[in-house]
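One structure is given here, and the rest of the page talks about it.
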Amino acid sequence: MNRLLNEVGFGIGLRLFETVNKDNVASYRSAMSASHVKVLEEMEGNDLYLEILNEKS
-3 MNRLLNEVGF GIGLRLFETV NKDNVASYRS AMSASHVKVL EEMEGNDLYL EILNEKS
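So this is what it looks like as structure tokens:
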């Protein structure tokens, strides 16, 4: 599902961002495996602010 939404977002020219909490292991692993990401900021409470990178560029 993440990959499909990424494709749609990139297809219409958007930059994509998301947050994920490192303590939520399932969500963290899903975000890291479904997308190429760049960690922009480590926030309070173990949250990461991520930019989703376009694999095709």
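First residue of the sequence shown? That's -3 in our numbering, and the numbers climb one at a time after it. By construction, the Cβ of each residue, glycine as well, lies at the ideal position given by its N, Cα and C atoms. From a predicted model like this one, the values you see are computed outputs, not experimental measurements.
Within-8 Å CB hit, residue i to chain C
i       : result
Asn(-2) : The structure shown contains no chain C; it is built from a single protein chain.
Backbone secondary structure at residue i - three-state DSSP
i     : result
Asn2  : helix
Asn42 : helix
Expected contact under 8 Å - CB spacing of residue i and residue j to nearest Å
i     : j     : result
Asn42 : Lys18 : 5 Å
Val69 : Leu46 : The structure shown does not extend to residue 69, since the chain is modelled only from -3 to 53, so the question has no answer here.
Beta-carbon spacing of residue i, residue j below 8 Å
i     : j       : result
Val33 : Leu10   : no
Glu51 : Leu44   : no
Ala22 : Asn(-2) : no
Selected residue, minimal CA-CA separation from residue i, among the options
i     : options             : result
Leu36 : Ala27, Glu14, Ser29 : Glu14
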